[in-house]
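Worksheet: one structure, shown below.
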Amino acid sequence: MKAASDYRGKGYPFDLAAVRTPVSWARAVVGDSTVGLLSLLDDELAGESSLRQLAREMGDPVQLLQAAESRDPLIDALSVEKLKELATEFGVAADPVVSLGRRLCAVLAQADDLRPLFSFFGLGREPEALARRTPALSTVSASYSLFDHQRRAALSVERGLEALPRRVLLHMPTGAGKTRTALHLVCDHLRRLGPTLVVWLANSPELLDQAAEEFETAWSSLGDRPVAVGRYWGSSAPDLSDLRDGFLVAGLQKIHAGYRRDPNLLMILGDRTTLTVVDEAHQAIAPTYRTVIDALAHKNPKGRLLGLSATPGRSWDDVEADAELSAFFGGRKVVLDVDGYPDPVAYLMDNGYLARPTFRTLNVEAGPALSAFDREGLADALDVPEDMLQALADDEQRNLKIVTAVEDLLTRHKRIIVFTASVGHAHLVRAVLTARGHEALVVTGEMDRRARERAIRRYKGSSPEPIVMCNFGVLTTGFDAPQTSAALIARPTRSLVLYSQMVGRATRGRLAGGGDQAEIVTVVDPDLPGFGDVADAFKNWEDVWND
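Using my numbering, the letters of the sequence shown correspond one by one to residues 8 to 554.
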């Protein structure tokens with residue numbers, strides 16, 4: 008047990024205890040992969056003092072104190088005096104000193120309430136939000152409002168869905184508020200036709216999670232009754248038999264697999280569904296999913312189909328496929344049509360809705376070697392498989408280039424988001440940036456909500472210092488940080504919608520709380536998809552659509 012008698016106050020600060028733990032504790036918190044990459048960059052960064060400092064900055068103190076493997080070394084670092092003080096809080100101070108540390112660790116492992124432990128180490132409760140004062144005279148703002156161009160698009164979609172064949176594609180470029188506009192339509196539909204069911208289809212977990220959380224936000228402002236929200240993707244498999252009034256967010260692959268196991272699934276859902284939304288509309292004509300979408304959209308006589316897209320075509324250069332997609336939606340496409348502008352992107356930029364982005368690519372020579380079988384599988388897949396993403400995340404040379412590119416962005420931007428290839432990749436990039444003296448945070452879809460909200464709050468705060476957010480799997484409204492002016496996209500995807508969502512996180516214009524300029528760096532990997540200036544995609548395929 009190390010001496011820790013230099014602190015005379017009540018309890019013992021967590022940071023002081025962390026300094027006195029064995030270096031093995033710091034290595035475990037930081038992770039072997041991070042230590043290895045730090046060693047490649049600078050041996051001093053992998054030294055004991057640097058690792059302890061990094062562990063204190065990386066680790067969430069509450070989570071470290073909740074897990075026995077990271078908590079016990081902190082207990083062992085206490086002096087006898089402080090150990091007795093903590094033992095008193097848990098009723099074991101009378102135990103022999105020689106075994107008091109082991110006894111206390113055992114008691115903590117069984118304790119239901121660890122608040123005295125958190126208090127001892129100086130960790131108070133989360134700060135309460137300050138009450139907001141309402142002036143005597145004020146303008147009442149809508150909590151889930153639309154801009155003028157979004158309202159016009161929503162009205163056009165509503166008119167199109169009322170006329171046969173009740174199919175419309177809504178085409179709005181990145182950052183124009185496509186999801187928000189669509190959810191206004193969803194909420195209006197649920198109010199007018201309720202009780203009824205709306206099904207929202209997408210492929211990637213990020214887009215599915217975004218749709219579910221965004222709907223909850225929208226309905227809390229626009230709804231007129233309690234409704235069910237079903238999440239049907241990944242490992243989530245709610246009982247759909249009782250879902251009759253509400254919003255079902257479903258993964259295309261999962262619902263297709265469910266249909267193959269039990270064709271009655273679509274019959275039941277189709278009978279109850281009066282609006283089907285396909286987030287990546289080009290997937291609607293894929294043979295694998297067309298049957299599913301047709302059954303959901305038009306089994307009910309009142310059924311309607313709304314496709315969403317940041318680009319109105321199915322592919323970059325397949326005119327026949329684009330014509331087929333046009334036919335599938337009855338040739339009806341709603342776009343942002345603005346007088347005096349050749350395309351909606353120019354209008355949105357000139358009027359402050361979107362920042363003007365500069366796109367550049369970061370070419371990475373190193374990368375996972377793909378076999379012919381891998382390439383064939385990638386061509387057939389809706390998105391880049393997880394094992395390929397993980398292989399990219401583990402590539403040290405790729406990571407060195409990513410870190411260097413982020414540090415270059417830090418010379419020009421105050422808020423930067425890095426979209427990583429995996430959860431572990433997000434933590435790795437964050438750790439290395441932190442070790443090199445930059446403030447870096449991490450958010451992932453699987454992390455504790457409290458910790459995620461704390462990181463987002465810090466990132467969205469008013470600190471004048473640059474902050475980097477390493478993100479994997481979080482595109483929800485809660486993460487929307489308009490002051491972000493740069494993004495590095497190191498998460499390859501075949502989904503133009505998902506790519507557009509990532510770009511959109513850095514291109515909020517002045518009217519949305521952002522700025523005039525944005526910088527987008529896309530990592531281009533061998534044999535995997537890369538994108539250039541996606542604004543060009545908004546101008547293609549117009550010849551196969553009826554205006």
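From the three backbone atoms N, C-alpha and C, an ideal C-beta is built for every residue, glycine too.
*Could you tell me if A25 is buried or exposed, where buried requires 16 or more neighbouring beta carbons within 10 angstroms of its beta carbon?*
As a first step, residue 25 is located in the sequence shown; it is residue number 18 there, counting from the start. It is buried - the Cβ of A25 has at least 16 other Cβ atoms within 10 Å.
_Buried or exposed for Q117, going by 16 or more other Cβ atoms inside 10 Å?_
Counting from one through the sequence shown, the residue named residue 117 turns up at place 110. So Q117 ends up on the exposed side.
*asked:* I need the straight-line Cα distance from K89 to D50, nearest angstrom please.
replied: Looking up residue 89 in the sequence shown gives position 82. Looking up residue 50 in the sequence shown gives position 43. About 35 Å.
*asked:* L229 and L276 - do their beta-carbons sit closer together than 8 Å?
replied: Here the question's residue 276 lines up with position 269 in the sequence shown. Here the question's residue 229 lines up with position 222 in the sequence shown. Taking 8 Å as the Cβ cut-off, L276 and L229 do not qualify as a contacting pair.
*Whole-number beta carbon distance between I527 and P364, since they are thought to touch under 8 Å*: By one-based count along the sequence shown, residue 364 stands at place 357. By one-based count along the sequence shown, residue 527 stands at place 520. With 8 Å as the limit, P364 and I527 qualify as a contact, their Cβ atoms being about 5 Å apart.
*Excluding five sequence neighbours on each side, which residues of the same chain lie with their C-beta closer than 7 Å to the C-beta of W226?*
For this step, residue 226 is matched to residue 219 along the sequence shown. Same-chain partners within the cutoff: C194, V234.
*asked:* What does the alpha-carbon distance come out to for the pair D83 and G431?
replied: As a working note, residue 83 is residue 76 in the sequence shown. As a working note, residue 431 is residue 424 in the sequence shown. C-alpha separation (whole angstroms): 29 Å.
*Check the C-beta distance from R311 over to L355 and give it rounded, since I have them as a contact under 8 Å.*
Against the sequence shown, residue 311 aligns to sequence position 304. Against the sequence shown, residue 355 aligns to sequence position 348. At roughly 27 Å, the Cβ-Cβ gap does not stay under 8 Å, so R311 and L355 are not in contact.
*asked:* Am I right that L192 and F336 are in contact with their C-beta atoms under 8 Å? What's the rounded C-beta distance?
replied: Here residue 192 is taken as the residue at index 185 of the sequence shown, counted from 1. Here residue 336 is taken as the residue at index 329 of the sequence shown, counted from 1. The Cβ separation is near 15 Å, so there is no contact.
_Reference R244, options R251, A353, V256, closest by Cα_ = Position 237 of the sequence shown, counted from the start, is the residue given in the question as residue 244. Per the sequence shown, the amino acid found at residue 244 is Ala instead of Arg. Comparing Cα-Cα distances from A244 to each of R251, A353, V256, the minimum goes to V256.
_Cutoff 6 Å; reference S77; Cβ partners in own chain excluding five residues on either side_ = Start at 1 with the first residue of the sequence shown, and residue 77 comes out as number 70. L71, listed in sequence order.
*If we count Cβ pairs, one from each stretch, closer than 8 Å, do we get three or more for the region 119-129 versus the region 291-306?*
no
*Using the C-alpha atoms, what's the distance from S242 back to F21?*
Along the sequence shown, read from residue 1 onward, the residue named residue 21 stands at position 14. Along the sequence shown, read from residue 1 onward, the residue named residue 242 stands at position 235. Spanning the two alpha carbons is a distance of roughly 37 Å.
*Alpha carbon to alpha carbon, what distance is there between S492 and T514?*
Mapped onto the sequence shown, residue 514 falls at position 507. Mapped onto the sequence shown, residue 492 falls at position 485. Their Cα atoms are separated by approximately 7 Å.
*Going along the chain, which residues of its own chain have a beta-carbon closer than 7 Å to the beta-carbon of T223, five neighbours each way excluded?*
The residue labelled residue 223 in the question sits at position 216 within the sequence shown. The identity of residue 223 in the sequence shown is Glu, whereas the question assumes Thr. Hits under 7 Å: V236.
*For L124, which residues of its own chain have a beta-carbon under 7 Å away from its beta-carbon, when the five flanking residues on both sides are left out?*
Indexing the sequence shown from 1 puts residue 124 at position 117. These residues qualify, in order along the chain: L72, L115.
*Where I424 and S56 are concerned, what is the direct C-alpha to C-alpha distance, given to the nearest angstrom?*
Looking up residue 424 in the sequence shown gives position 417. Looking up residue 56 in the sequence shown gives position 49. Going from the Cα of I424 to the Cα of S56 covers about 28 Å.
*Same chain, Cβ closer than 7 Å to V104, five either side skipped, listed in chain order*: The residue you call residue 104 lines up with position 97 of the sequence shown. So the qualifying residues of the chain are V87.
*From this set, R419, V436, E414, V413, which residue's C-alpha is nearest E4's C-alpha?*
The structure shown does not extend to residue 4, since the chain spans only 8 to 554, so no value can be given for it.
*Do you know how far the Cα of G516 is from the Cα of P202?*
Position 195 of the sequence shown, counted from the first residue, corresponds to residue 202. Position 509 of the sequence shown, counted from the first residue, corresponds to residue 516. One C-alpha to the other measures close to 38 Å.
*Answer yes if the region 465-483 comes into contact with the region 143-160, meaning at least three C-beta pairs across the two stretches below 8 Å, and no otherwise.*
no
*Around the Cβ of R405, are there at least 16 other Cβ atoms within 10 angstroms (buried) or fewer (exposed)?*
The sequence position of residue 405 within the sequence shown is 398, counting from 1. Buried, because 16 or more other Cβ atoms sit within 10 Å of the Cβ of R405.
*State yes or no: is the C-beta of V341 within less than 8 Å of the C-beta of G167?*
Residue mapping note: residue 341 aligns to position 334 of the sequence shown, counting from 1. Residue mapping note: residue 167 aligns to position 160 of the sequence shown, counting from 1. Yes.
*Entirely within the region 270-328 and at least 4 residues each: give me those alpha helix (DSSP H) ranges in chain order.*
271-279, 294-305
*A264 versus N307 - alpha carbon distance*: Here residue 264 is taken as the residue at index 257 of the sequence shown, counted from 1. Here residue 307 is taken as the residue at index 300 of the sequence shown, counted from 1. Their Cα atoms are separated by approximately 22 Å.
*Residues bridged to A257 [DSSP beta-bridge criterion]*: For the purposes of this step, residue 257 is taken as residue 250 along the sequence shown, with counting starting at 1. The partner list for A257 (beta bridge, DSSP) reads L208, Y239.
*Return the first residue and the last residue of the beta strand (DSSP E) that A462 is part of.*
The sequence position of residue 462 within the sequence shown is 455, counting from 1. Per DSSP, A462 belongs to no beta strand (DSSP E); it is in the alpha helix (DSSP H), 456-467.
*So, V284 versus L208, is the Cβ gap smaller than 8 Å?*
Position 277 of the sequence shown holds residue 284. Position 201 of the sequence shown holds residue 208. Yes. Within cutoff.
*Would you mind working out which of R459, L214, R198, R199 sits nearest Y506, comparing C-alpha positions?*
For this step, residue 506 is matched to residue 499 along the sequence shown. The candidate whose alpha carbon is nearest that of Y506 is L214.
*Three-state class that DSSP yields for N478 in the structure shown*: In the sequence shown, counting from the first residue as 1, residue 478 sits at position 471. DSSP places N478 in strand when its eight states are reduced to three.
*So what's K340 in DSSP terms, helix, strand or just coil?*
Translated into positions along the sequence shown, residue 340 becomes position 333. Of the three classes helix, strand and coil, the one that applies to K340 here is strand, per DSSP.
_Do V69 and L23 count as a contact pair if the criterion is CB distance below 8 Å?_
Taking the sequence shown and counting its residues from 1, the one referred to as residue 23 is at position 16. Taking the sequence shown and counting its residues from 1, the one referred to as residue 69 is at position 62. Cβ atoms of L23 and V69: not closer than 8 Å.
*Ordered list of alpha helix (DSSP H) runs contained in the region 174-202, each at least 4 residues*: 185-200
_So F479 and A447 are supposed to be a Cβ contact under 8 Å. How far apart are they, rounded?_
Taking the sequence shown and counting its residues from 1, the one referred to as residue 479 is at position 472. Taking the sequence shown and counting its residues from 1, the one referred to as residue 447 is at position 440. Actually they are not in contact, since the Cβ atoms of F479 and A447 sit about 14 Å apart, beyond 8 Å.
*Tell me whether the beta-carbon of L343 lies closer than 8 Å to the beta-carbon of M179.*
Translated into the one-based positions of the sequence shown, residue 343 becomes position 336. Translated into the one-based positions of the sequence shown, residue 179 becomes position 172. Yes, they are a contact pair.
_Tell me which residue opens and which closes the alpha helix (DSSP H) that V528 is part of._
The residue given as residue 528 occupies position 521 in the sequence shown. Where V528 is concerned, there is no enclosing alpha helix (DSSP H), although the beta strand (DSSP E) it sits in stretches over 524-531.
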